Amino acid sequence: MQREHQDKMNLYSQYRQAYGELAEAGKFRVGENVLFDDGADLGEIIWKYINPQGILTYVLDDSSGFPVEVAATEVMEP
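Start counting the sequence shown at 2; every next residue gets the next number (the numbering used here).
Rendered as structure tokens:
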């Protein structure tokens, strides 16, 4: 259990450094699955933040194996 907690804290730290502070705003929460607005691919939200232009942005873990950043307007419920 301690190891799992430490792993989560390390991920949190990495995401915060890469993307900025975790945002509370938005329709979806971290851990939820969403569809891209074209309905073609499903992704799990692993982080969400407000980008420098003031746009809520979700970071998704999808089938590509790489984190994908998309504006909140580009995702929908599965």
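Glycine included, C-beta positions come from ideal geometry on N, C-alpha and C. Since we're looking at a predicted model, the values are computed, not measured.
- The beta carbons of I46 and L36 sit about 12 Å from each other, so the pair does not count as a contact at 8 Å.
- In the DSSP assignment, D8 falls within the unbroken alpha helix (DSSP H) covering Q3 to Y20.
- Fewer than three Cβ pairs drawn from the stretch 23–42 and the stretch 2–9 lie within less than 8 Å of each other, which leaves the two stretches out of contact.
- For E70, the enclosing beta strand (DSSP E) has its first and last residue at P68 to A72.
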